[in-house]
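Residue numbers (this note's numbering): 605 to 1008.
Beta carbons are placed, not taken as given, at the ideal position from N, Cα and C, and that holds for glycine.
Have a look at the structure below, then the notes.
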Amino acid sequence: MMGRKDWDQASLFYSFRLDDMIPKGHLLRRIDVFVTAVLGDLHKRLSPFYSEIGRPSIDPELLIRMHLVGYCFGIRSERKLCEEVGLHLAYRWFCRLDLDEKVPHHSTFSENRLNRFRESDILRHIFERVVMAAMAMGLVKGEGFAVDASVMEANASRYHGKAPDELDWTEKQRQKRAVAEYLAALEAEAAAEEDAPDNGADGRPESKRHRRYERQPPKVISLSDPQSAWTAKANKRVQFGYGLNYLIDIENAVIVDVEATPARTYDEVAATQTMLDRTEERLDLKPKRLAADMAYGTGKFLGWLVKEKKITPHIPVWEKSDRQDGIFSRSDFRWDRKRGAYVCPNGKLLQPVAPCTTDARCSTEPRSATAMCVRSEESAVPRPMRARYRATSTRTPEMLQGVK
């Protein structure tokens, strides 16, 4: 006889253990033992950021465990996370919430993330504790690292960006946290440039000279999130986004450091330097080799790896020898064996002196080992256009033996 479930009257009371409802092989049960060990000193580290009087706060361990649930199961919205934790027995068990306990309001997360958690750097501390646990288990060898970045779309409309010269921040916009931090960073950068010594041959600070060749001002800036970058990386549509930079131990693909930057290539390279220095300082990990794609194959970064860090790069060189933008190609330069110097297409030697910006002589910049040349017929070219006729070359004499 076919049975039928009768739901007219549900039970008023239920008797069961929450722990018995979670399968033995569930992801949260497997990672709980490690999370408990990592969060052992959480309250001690956060105690200076709480008042000694007043109403007891929500346990910060609960907030961290809920963040881990959101990360493990791809719940990006904190509103949705609070809803799912209230409905899911496994989430409640992992967060140490009983059936009759209330889930924190979603606004509690943003308040702690932007204040206590950020000021205490507790999320970085928890991450490093996890890496140390992996090192203790022999999962991190530290012999070889790999670095890469992925793009995450910013919470900013792609239709409401403006060019830098069109920006006019209102007083209300300046009071927003994202805009205030962006403007504070610009002021700090400007102050650092003014204090920089005039080490360049052209009398400008070193930081300004480097930015001229390496860093271009953004074309579009978001009014709500100005620190995000206008990008079309990863073959996606043009959008505002951030780059999530990962430093990975090659042995077992364990992430040993992470750094968020605007989604720009030069910021990703700078983030790699930060991660390598921080990993060596905090975790005592210094790799012998580093693997990356061509985006990291700039001469400046490769030189820093080899000369300063003594790390062997397994990175394709960013090749720019053939130019179609008015700059001399590498093949245009000739190595003169008798005189032991390069000869530019104008027939002049590249001398090892400071680069010239006022006349038509050729020079080599010792700082970057980059050959630069200005066409001899500069007098017929308007001054603003002269930058188009500069040429670069990093080819060694042995590489140019066959060039005539």
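Residues near residue i in its chain [Cβ-Cβ closer than 7 Å; skip 5 each side]
i, result
"A945", "L953 and L954"
"P949", "F932 and D936"
"E775", "none"
"A836", "V842"
"Q777", "V783 and L827"
"A991", "Caution is warranted here: a pLDDT of 35 is assigned to A991, below 50, making its placement in the model unreliable, and no coordinate value can be reported."
DSSP-derived helix/strand/coil call for residue i
i, result
"M756", "strand"
"D623", "helix"
"T902", "coil"
"V947", "strand"
"R608", "coil"
"D936", "helix"
"T916", "strand"
"L685", "helix"
"I825", "strand"
"V978", "With a pLDDT of only 38 at V978, under the threshold of 50, the placement of this residue in the model should not be trusted, and no figure is reported."
"L667", "helix"
"L616", "coil"
"L953", "strand"
"G765", "strand"
"K942", "coil"
"R659", "coil"
"D897", "coil"
"T712", "helix"
"A958", "Low per-residue confidence applies at A958: pLDDT is 43, beneath 50, and the placement is therefore not dependable enough to give any value."
"I635", "helix"
Assigned exposure category for residue i - 16 Cβ within 10 Å defines buried
i, result
"A857", "exposed"
"A740", "exposed"
"Y817", "Residue placement at Y817 is flagged as unreliable, the pLDDT there being 40, under the threshold of 50; a coordinate-derived value is accordingly withheld."
"N759", "exposed"
"G742", "exposed"
"G678", "exposed"
"V957", "Because V957 carries a pLDDT of 44, less than 50, the predicted location of this residue cannot be relied on, and the following value inherits that uncertainty. Flag for V957 reads exposed."
"C699", "buried"
"V642", "buried"
"M606", "exposed"
"I915", "buried"
"S761", "exposed"
"E715", "exposed"
"P768", "exposed"
"T640", "exposed"
"E872", "buried"
"V601", "Here the chain covers residues 605 to 1008 and nothing more, so residue 601 does not appear."
"I657", "exposed"
"P970", "With a pLDDT of 34 at P970, under the threshold of 50, the modelled position of this residue cannot be trusted; read the value that follows with caution. Label assigned to P970: exposed."
"P898", "Here the sequence assigns Met to residue 898, which means Pro is not the residue at that position. So M898 ends up on the exposed side."
"K609", "exposed"
"R578", "The structure shown has nothing for residue 578, since the chain only spans 605 to 1008."
"R669", "buried"
Nearest to residue i (by Cα), restricted to the options the options
i, options, result
"E597", "D861, R893, A896 and D897", "The structure shown does not extend to residue 597, since the chain is modelled only from 605 to 1008, so the question has no answer here."
"R733", "T883, H918 and E791", "T883"
"W922", "Y900, R941, L667 and W908", "Y900"
"K854", "K892, A833 and P822", "Note on residue identity: the sequence assigns Ile, not Lys, to residue 854. Checking every option, the nearest Cα to that of I854 belongs to K892."
"P631", "A641, L672, E688 and I919", "Reading off the sequence shown, one finds Leu at residue 631, where the question assumed Pro. L631 has its Cα closest to that of L672, out of A641, L672, E688 and I919."
"E723", "S651, E791, K745 and Q779", "S651"
"L887", "A738, K823, T640 and A874", "A738"
"E665", "P917, I657 and L646", "L646"
"K766", "P822, D871 and A864", "P822"
"I635", "S711, E656, L771 and C676", "C676"
"T712", "D702, R683 and F731", "R683"
"G644", "D704, D702, I730 and S615", "I730"
"R649", "D725, A614 and E687", "D725"
"L622", "K609, D702, G690 and C686", "D702"
"Y618", "D704, V689 and S681", "D704"
"G748", "Y695, L894 and T902", "L894"
"K706", "L718, L667 and M736", "L667"
"P830", "L790, S681 and V744", "L790"
"G746", "L616, V735 and S754", "V735"
Own chain residues within Cβ distance below 8 Å of residue i, not counting five before or after
i, result
"K913", "L880 and K890"
"Y654", "S661 and R720"
"S832", "A758, A760, S826, F844, G845, Y846, P866 and A867"
"H764", "S826, L827 and S828"
"V910", "T916 and P917"
Contacts around residue i, its chain only, beta-carbon distance under 6 Å, and the 5 residues preceding and following it disregarded
i, result
"L693", "M625"
"P708", "I662"
"I852", "A750 and I859"
"G674", "L685"
"T876", "V751"
"D963", "Any reading at D963 is ruled out, since the residue's pLDDT is 38, under 50, leaving its predicted position unreliable."
"P920", "M898 and G901"
Within-8 Å CB hit, residue i to chain B
i, result
"Q777", "Included in the structure is just one protein chain, with no chain B present."
>> Quick check for students: name the residue ranges of the beta strand (DSSP E) that lie wholly in the region 833 to 895, counting only runs of 3 or more.
In response: 833 to 835, 843 to 853, 858 to 866 and 893 to 895
>> Which runs of the alpha helix (DSSP H) at least 4 residues long sit entirely within the region 715 to 755? Give them in chain order.
In response: 720 to 724 and 726 to 740
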